[in-house]
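When you line the sequence shown up against the UniProt record's numbering, it's residues 10 to 331, in that order. Glycine included, each C-beta is placed from N, C-alpha and C at the ideal position. Some notes on the structure that comes next.
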Amino acid sequence: DALANQIAAGEVVQRPASVVKELLENSIDAGSNKIQLIIKDAGKALIQVVDNGKGMSDTDARLSFERHATSKISSTEDLFAIRTFGFRGEALASIAAVAQVEMKTRRADDEVGTLIRIEGSEIKAQEPVNTPVGTSFSVKNLFFNVPARRNFLKSNPVEMRHILDEFHRAALAYPSIGFTLFQNDMEIFNMPSEKLSRRIISLFGQNYKEQLITCQEETDQLKIHGYIGKPENAKRTRGDQYFFVNNRFIKNNYLHHAVVHAFDNLLPDDSFPFYVLFIEIDPKHIDVNVHPTKTEIKFDDEKTIYAIIRAAVKKALATHNI
Ligand code: ADP
Ligand code: MG
């Protein structure tokens with residue numbers, strides 16, 4: 010019911026960036042190779058995500074707004090080996106509880122698609138529509154029906170910063186997907202399918218071209234790949250440090266320290282190295298379900314992972330210094 014949805018929404022939807030994160034993850038899960046993000050007024054007026062993924066049937070389109078209507082878990086065993094992002098089936102229901110939502114979707118085999126309009130969990134329309142293959146999801150006037158939450162949103166630059174963080178994370182994790190970003194009708198990014206190193210340059214600028222050192226390691230427990238920035242280019246602000254575990258962005262101070270420790274006295278005082286590191290590990294050794302919206306995860310054996318990361322970064326730096 011609407012109230013339960015609104016309560017659940019408090020968990021999942023904290024700000025425009027949370028909507029961006031959920032919609033981008035759904036588009037990625039749907040197998041898209043092009044994703045467009047359109048933002049107006051830092052997401053307070055409009056958040057739209059257009060993908061060319063597999064789309065939904067008219068029945069599934071309707072069901073997708075029901076709580077726990079996930080198509081992504083078929084057995085309890087899956088719960089312990091989560092590979093796709095979605096596993097809760099709460100995001101769309103939660104978003105639709107606190108915004109004015111319009112979804113258009115079509116599968117490749119269907120002649121016509123489906124349009125659904127929902128406002129505050131109330132279905133306003135469901136009808137056939139001509140629309141390209143894939144799904145377009147527009148979220149208008151977030152928290153229009155929860156004034157207390159709406160008033161709590163931060164200034165546009167702050168909310169936009171959070172949106173950009175989510176966009177960066179998705180774009181880095183999936184360089185083979187083309188991403189575009191429009192902000193108030195201006196094209197901010199237009200990135201084709203590309204290699205990770207090119208994606209880093211597309212996102213952070215040409216001056217990253219000469220700065221990336223390849224980092225690669227493989228042990229029985231895990232694989233690491235990605236890039237670290239040259240120590241002389243370390244910055245005084247944090248923010249350009251990215252860890253992905255099984256392609257999911259995570260924050261982990263302990264592992265961050267493993268990287269910094271590997272740089273040792275190469276780093277200028279009070280500065281942080283750039284890094285984009287992907288860790289692949291058997292999902293049974295991690296627990297991603299600590300909290301649905303948190304980016305923290307737990308490892309069985311953090312100490313070993315620390316040692317491996319530190320060694321991998323040290324090795325990369327050593328090759329660079331030859
Ligand atoms: P979850 O992602 O946890 O399964 P969501 O509420 O985010 O739950 O989405 C519900 C369901 O709607 C998904 O399981 C999926 O089947 C469908 N869905 C959502 N977004 C898309 C999309 N962009 N393309 C295709 N199917 C989608
Ligand atoms: Mg989802």
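With a CB to CB cut of under 8 Å and the five nearest residues on each side skipped, what residues in its chain are close to Asn139? Numbered from 1 along the sequence shown, position 130 holds the residue referred to as residue 139. Around Asn139: Val121, Gly122.
Count Cβ pairs between the region 184-198 and the region 41-54 that sit closer than 8 Å; are there 3 or more? yes
In the DSSP assignment, what are the bridge partners of Gln45? The residue you call residue 45 lines up with position 36 of the sequence shown. DSSP, once it has assigned bridges, lists Val59, Thr189 as partnering Gln45.
Can you determine whether any heavy atom of ligand 1 sits closer than 7 Å to the C-beta of Ala100, and answer yes or no? The residue you call residue 100 lines up with position 91 of the sequence shown. Result yes, Cβ under 7 Å from ligand 1.
Count the other CB atoms within 10 Å of the CB of Pro25; is the residue buried (16 or more) or exposed (fewer)? Stepping through the sequence shown from its first residue, residue 25 is reached at position 16. So Pro25 ends up on the buried side.
If contacts are defined as beta-carbon pairs under 8 Å, then Ser147 and Leu55 qualify, I think. What distance do you get, rounded to the angstrom? Indexing the sequence shown from 1 puts residue 147 at position 138. Indexing the sequence shown from 1 puts residue 55 at position 46. With 8 Å as the limit, Ser147 and Leu55 qualify as a contact, their Cβ atoms being about 6 Å apart.
Three or more C-beta pairs closer than 8 Å, one from the region 282-292 and one from the region 251-260: is that the case here? yes
One question on the structure: do Glu99 and Arg71 come within less than 8 Å of each other, judged by their Cβ atoms? For this step, residue 99 is matched to residue 90 along the sequence shown. For this step, residue 71 is matched to residue 62 along the sequence shown. Against a cut-off of 8 Å, the Cβ pair of Arg71 and Glu99 comes out as no contact.
For Pro137, the first and last residue of its enclosing beta strand (DSSP E): As a first step, residue 137 must be located in the sequence shown, where it is residue number 128. Per DSSP, Pro137 belongs to the beta strand (DSSP E) from 131-138.
Which stretch, first to last residue, makes up the alpha helix (DSSP H) that contains Tyr315? Residue numbering aside, residue 315 sits at position 306 when the sequence shown is read from its first letter. Per DSSP, Tyr315 belongs to the alpha helix (DSSP H) from 311-330.
Threshold first: 4 residues or longer. Then list the alpha helix (DSSP H) segments lying entirely within the region 159-232, N to C. 165-182, 205-213
In chain order, what residues of the same chain have a beta carbon less than 6 Å from the beta carbon of Val59, not counting five sequence neighbours either side? Looking up residue 59 in the sequence shown gives position 50. Once the five neighbours on either side are set aside, the close Cβ partners of Val59 are Gln45, Ser145.
Determine the burial state of Arg245: buried for a count of at least 16 other Cβ atoms within 10 Å of its Cβ, exposed for fewer. In the sequence shown, residue 245 corresponds to position 236, counting from 1. Arg245 comes out exposed.
May I have the straight-line CA-CA distance separating Asp296 from Leu231, to the nearest angstrom? Position 287 of the sequence shown, counting from 1, holds the residue named residue 296. Position 222 of the sequence shown, counting from 1, holds the residue named residue 231. One C-alpha to the other measures close to 15 Å.
Contact check, Leu173 vs Lys53 under 8 Å by CB: the rounded distance? On the sequence shown, position 164 is the one that residue 173 refers to. On the sequence shown, position 44 is the one that residue 53 refers to. That belief does not hold up - the Cβ atoms of Leu173 and Lys53 are roughly 15 Å apart, past 8 Å.
Helix, strand or coil for Ser73, going by three-state DSSP, please let me know. On the sequence shown, position 64 is the one that residue 73 refers to. Coil at Ser73, not helix or strand.
To which residues of the same chain is Glu31 closer than 6 Å at the C-beta, ignoring the five residues directly before and after it? Position 22 of the sequence shown holds residue 31. If we look at Glu31 and ignore the five residues flanking it on each side, its Cβ neighbours are Ala100.
Among the residues of its own chain, which have a CB less than 8 Å from the CB of Ala117, if the five just before and after it don't count? In the sequence shown, counting from the first residue as 1, residue 117 sits at position 108. Around Ala117: Lys63, Gly64, Val142.
Buried/exposed call for Asn274, threshold 16 Cβ in 10 Å: Here residue 274 is taken as the residue at index 265 of the sequence shown, counted from 1. Classification of Asn274: exposed, given that the 10 Å Cβ count is below 16.
Determine the DSSP secondary structure at Lys260, reduced to helix, strand or coil. Taking the sequence shown and counting its residues from 1, the one referred to as residue 260 is at position 251. If DSSP states are grouped into helix, strand and coil, Lys260 belongs with coil.
Straight-line gap, Ser211 to Tyr251 (C-alpha atoms, nearest Å): Position 202 of the sequence shown, counted from the start, is the residue given in the question as residue 211. Position 242 of the sequence shown, counted from the start, is the residue given in the question as residue 251. Taking the straight line joining both Cα atoms gives about 16 Å.
For ligand 1, I want to know if Phe123 counts as a neighbour, meaning its beta carbon is within less than 7 Å of at least one of the ligand's heavy atoms. As a working mapping, residue 123 is identified with position 114 in the sequence shown. Checking the sequence, you will find Thr at residue 123 rather than Phe. Result no, Cβ not under 7 Å from ligand 1.
Using 7 Å as the cut-off, classify the Cβ of Gly62 as near or not near the heavy atoms of ligand 1, replying yes or no. Counting from 1 along the sequence shown, the entry for residue 62 is found at position 53. Yes, the Cβ of Gly62 comes within 7 Å of a heavy atom of ligand 1.
Could you tell me if Ile125 is buried or exposed, where buried requires 16 or more neighbouring beta carbons within 10 angstroms of its beta carbon? On the sequence shown, residue 125 is found 116 positions in, with the first residue counted as 1. Buried: at least 16 other Cβ atoms inside 10 Å.
Here's the rule: buried if 16 or more other CB atoms are within 10 angstroms of the residue's CB, otherwise exposed. What is Phe89? Position 80 of the sequence shown holds residue 89. With a pLDDT of only 44 at Phe89, under the threshold of 50, the placement of this residue in the model should not be trusted; the figure read from the coordinates follows. Classification of Phe89: exposed, given that the 10 Å Cβ count is below 16.
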